[in-house]
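Converting from the sequence shown to the numbering used here requires adding 3 to each position, the first position being numbered 1. We put the CB at the ideal spot given by N, CA and C, even for glycine. Note that the structure is predicted; figures quoted are calculated from it, not measured.
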Amino acid sequence: MMKIRKIGLLFLSMLILSLGSLRADEGMWMLPLIQKLNSKKMSEIGFKLSAKDIYDINNSSLKDAVLHFGGGCTAEVISKDGLVLTNHHCGYGIIQRLSTVDHDYLQNGYWAMNHDEELSAKGLTVIFLDRFEDVTKAVMDAMDAAKDPKAKDEAFRTVSDQLTAKAVGDSKYLRARVVSFFGDNQYYMVVSKTYSDIRFVGAPPSSIGKFGGETDNWMWPRHTGDFSMFRIYADKDNNPAEFSKDNVPYQPKKFLTISLKGMNQNDPAMVIGYPGRTNRFMTSYEVKETSEVTNAVTILVRNVRQGIIWSDMEANPKVRLQYASKYAGSANSWKKSLGMNETFAKLNVYERRAAEEKIFSEWVAADPARVEKYGKALSEVKEAIEGRAKLLYISRFYQEALSPIELTSAASRLGPQVERPGREGRTGGGGRPGFQSSPSDFYKDYNVSTDIKVAKALIKLFRDKIPASDLPGFYKIIDTDYNGNIDAAVDALFSNSAFVSEEKLKAAMAGDKNALLKDPAYLVANDISSNMMKYMKDLEQYRTQYAKGQKLYIAGMLEMKAGQAIYPDANSTMRLTFGKVLNYSPKDGVIFDFVTTLDGVMQKEDPKNYEFTVPAKLKELYNAKDFGQYALKDGRMPVAFLTNNDITGGNSGSPVMNKKGELIGTAFDGNWESMSSDIIFEPSLQRCINVDIRYTLFIMDKFGGAGYLLNEMKIVK
Ligand code: ARG
């Protein structure tokens, strides 16, 4: 009895935390609303910045120094000559593409010693935010006038086109798009400018930039120097231009001042960046679905696929480089899914969401007008989620197990040209920035024998886990022509396809193109994609139903919480999160300090484990205590630190700034104890893991010998 009462109380206090007035640390705030929603609280915490210092559409402000990097990360301008800082894991795919086994910049690091040595990152773009405009009324009016869902889609497209055309005017460089917020309850137009001549300036070796590897990923205490540097080039008028030797370093409207003063517990800290996606309004039904379907399939399939890729990487340095970025992207999401499921259970996320839904339902039931408006919100969501269960499981399996077979996915991308929107401009594995894919880009990183093993294992796994009636047609061929022997069928597929190598593909392209239409890999690819399409189409009705329910639920929540500051879910638009430098207690009796130092790197060193190898030069600097101006007062060399800022994937590389808006670090990860953070913010546990800017400059200067770059920066001590 006592126990139940206690749990009840705990539960209540958790609820109060999640439903009560939002704490300063939680929230991915929209920049145009800072004055209205956050300024007061920010100055209470100690920030010395006005809303206009952060976001001003007429004068330069902090937002002008923050970039959307390659579509999947954030970066910041840190010098008068367009030098850009982001994470090592954000530059990873690019660095890998620029590397060969003989010039392996992932393994050895790289520093350009002058502008001529900067390497063109062909295909990489960075996006500056020009401004946001609230266009809710115009969009809603247009859509309300339309009758059915199809007409509404039409109306949305028409009004978006009008609004964006007007916003861009006759500018050659601006782009605009209309983005939905709060589950289609609000709309903003985002106006931006894209630069595409970006060059790689430098990065530490992986033994620093990825120190701790997959073992330490998503964990604290952390000792990773997760940073890399690039430079933006512009035409002679400082405008965006395609790569040209005549281009010159971009002269920024604003670049961040760097502070070497460091940080103490409770110091104000804020992050501006491009969080990708959160689901803070996720219902209990979706929590269950995410855990039991989405994450479960990811974990199961990736265990198999990664195991195969990994052993090939270990056996062969060439394969190790070829698959480095693909593997890291895959392993990162795999571990995120594992951690999320563990944390869902530990933090009772399902039960807490169910309790919130109960409160919402009671609030709705208390007023007939609310019942009229929101009465169906949760049941629509529930029905959609329950209705799509099997379809989602199967389509997720297609995505995780059949799409990653490289031979067939290459056949559908590189094969005979069929109209397919959005073919180009894909990003690398795990949504990380990469290059546009061309045949030679693909084959440079392709190892046939690895793919054969993966294909065999995944095609078997798919057959084991999917009902026979839902298998794509090629399984029949395996049964009839190969007696059900998947290994034999896959061997035949690979020996008869032209897509196994660039040479064979080129030869096939030069000959009768129609022959490629009969290439077995091309046929299997079409079989897979037409089946996938079918499931996607069947899922569509549930998507519509879900969207309808979710829109109502969020609208109701906004009404229920009227008067409180509420932020919309992340949607790859620029956001600000503010809070402070803060340690945490991962479990009873343990407190994790907010700072790590080079001492910890030496403690973790394990020459036999490539994830924990320490470069000799770093050890020399450590032994000589040669830390220059970057050391802590007590003489130790800082590496990483914690804040309670509210970030997610996409924020990687974001600037962490002090109360004056000076750069003190770069955000690069979240922590294991709060892996459910995309769904629920847990104030006592959720932390943002950052590289200390002093470690970044120390590595660049003392370790990399690229101290000349300091001259173009503005540094305060
Ligand atoms: N967990 C980080 C994120 O999602 C990425 C870290 C990359 N490092 C790695 N070892 N895979 O932002």
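_Give the residues whose C-beta lies closer than 6 Å to at least one heavy atom of the ligand ARG, in chain order._
Output, sorted by chain position: His92, Lys213, Gly216, Glu217, Asn220, Trp221, Ala331, Ala334, Asn335, Gly652, Ser655 and Asp672.
_C-beta contact flag for Asp631 and Trp114 at 9 Å_ = Looking at the sequence itself, residue 631 is Gly, so the reference to Asp does not match. For Gly631 and Trp114, no; Cβs fall outside 9 Å.
*With which residues is Ser123 paired in a DSSP beta bridge?*
Per DSSP, the beta-bridge partners of Ser123 are Arg202.
*Can you tell me the Cα-Cα spacing of Gly433 and Lys329, whole angstroms?*
Confidence in Gly433 is poor, its pLDDT being 33 and thus under 50, which makes the residue's placement unreliable; the coordinate value appears in the next sentence. Separation of Gly433 and Lys329 (C-alpha to C-alpha, rounded to the nearest whole angstrom) is 8 Å.
*Under a Cβ-count criterion, where at least 16 other Cβ atoms within 10 Å of its own Cβ denotes burial, should Arg280 be classed as buried or exposed?*
Exposed is the call here.
*What's the C-alpha gap between Gly30 and Glu79?*
Rounded to whole angstroms, the separation of the alpha carbons of Glu79 and Gly30 is 21 Å.
*Which class does Trp221 belong to by DSSP, given the choice of helix, strand or coil?*
Here Trp221 sits in coil by DSSP.
*Go to Met536, then tell me how far its beta strand (DSSP E) extends in each direction, as first and last residue.*
Careful: Met536 lies outside any beta strand (DSSP E), inside the alpha helix (DSSP H) at Pro523 to Met563.
*asked:* Which of the three DSSP states is assigned to His71 in this structure?
replied: Three-state DSSP puts His71 in a strand.
_Asn674: first and last residue of the uninterrupted alpha helix (DSSP H) it sits in_ = No alpha helix (DSSP H) holds Asn674; DSSP gives it neither H nor E.
*Over the uninterrupted beta strand (DSSP E) stretch that includes Arg578, give me the two end residues.*
From DSSP, the beta strand (DSSP E) with Arg578 extends over Arg578 to Lys583.
*asked:* Let me check you understand the geometry: is the CB of Glu289 closer than 8 Å to at least one non-hydrogen atom of the ligand FMN?
replied: Annotation note on the ligand FMN: not contained in the displayed structure, which lists the ligand ARG as its ligands.
*Just mark Leu166 as buried or exposed, buried being the case when its beta carbon has 16 or more other beta carbons within 10 Å.*
Buried, since its Cβ has 16 or more Cβ neighbours within 10 Å.
_Rounded straight-line distance, which links the Cα of Asp704 to that of Gly710_ = About 4 Å.
*Do the region 55-74 and the region 681-701 meet, that is, are 3 or more Cβ pairs less than 8 Å apart?*
At 8 Å Cβ cutoff, the stretches do not touch.
*Are there 16 or more other CB atoms within 10 angstroms of the CB of His106, so buried, or fewer, so exposed?*
Counting the other Cβ atoms within 10 Å of the Cβ of His106 gives fewer than 16, which makes it exposed.
*Express the C-alpha separation of Thr297 and Tyr396 in angstroms, rounding to a whole number.*
So the two alpha carbons sit approximately 7 Å from each other.
*What residues in its chain sit with their C-beta under 8 Å from that of Val457, if we drop five residues either side in the sequence?*
Hits under 8 Å: Arg308, Ile311, Ile312, Pro407, Ile408 and Glu409.
*Distance, Cα to Cα, Glu676 vs Lys516?*
Their backbone Cα atoms lie some 54 Å apart in a straight line.
_Backbone secondary structure at Arg423 - three-state DSSP_ = Low confidence applies to Arg423: its pLDDT is 42, below 50, so where it sits in the model is not reliable, and the reading given next is rough at best. Residue state, collapsed to three classes: coil.
*Can you tell me the Cβ-Cβ gap for Gly589 and Leu508, rounded? I've got them flagged as a contact below 8 Å.*
It should be pointed out that residue 589 corresponds to Pro in this sequence rather than to Gly. Under the criterion of beta carbons closer than 8 Å, Pro589 and Leu508 do not qualify as touching, at roughly 51 Å.
_C-alpha gap between Arg679 and Thr483, whole angstroms_ = Reading the sequence as shown, one finds Ser at residue 679 and not Arg. Taking the straight line from one Cα to the other gives about 46 Å.
_I'd like to confirm the pairing. Which residues does DSSP put opposite Leu645 in its beta bridges?_
The secondary-structure analysis by DSSP pairs Leu645 across a beta bridge with Ile692.
*asked:* Taking the straight line between their C-alpha atoms, what separation do you get for Arg426 and Phe445?
replied: For Arg426, the pLDDT reaches just 34, beneath the cut-off of 50, and the residue's location in the model is therefore unreliable, leaving the point undetermined.
*Return helix, strand or coil for Leu263, following the three-state DSSP convention.*
Correct three-state label for Leu263: coil.
*Hey, Asn661 and Lys264: beta-carbon distance below 9 Å or not?*
A contact, by the Cβ cut-off of 9 Å.
*Tell me the DSSP bridge mates of Ile273?*
Just to set this straight, residue 273 is Met in the shown sequence, not Ile. In the DSSP secondary-structure assignment, Met273 is bridged to Phe581 and Met660.
*Where Ile702 falls, given that 16 or more other Cβ within 10 Å makes a residue buried*: Counting of Cβ neighbours within 10 angstroms places Ile702 among the buried residues, the total reaching 16 or more.
*May I have the straight-line CA-CA distance separating Ile302 from Tyr538, to the nearest angstrom?*
So the two alpha carbons sit approximately 21 Å from each other.
_Reduced DSSP secondary structure (H/G/I, E/B, other) of Arg134_ = Arg134 falls in the strand class under three-state DSSP.
*Could you check what DSSP says for Ala149 in three-state terms: helix, strand or coil?*
Three-state DSSP puts Ala149 in coil, outside helix and strand.
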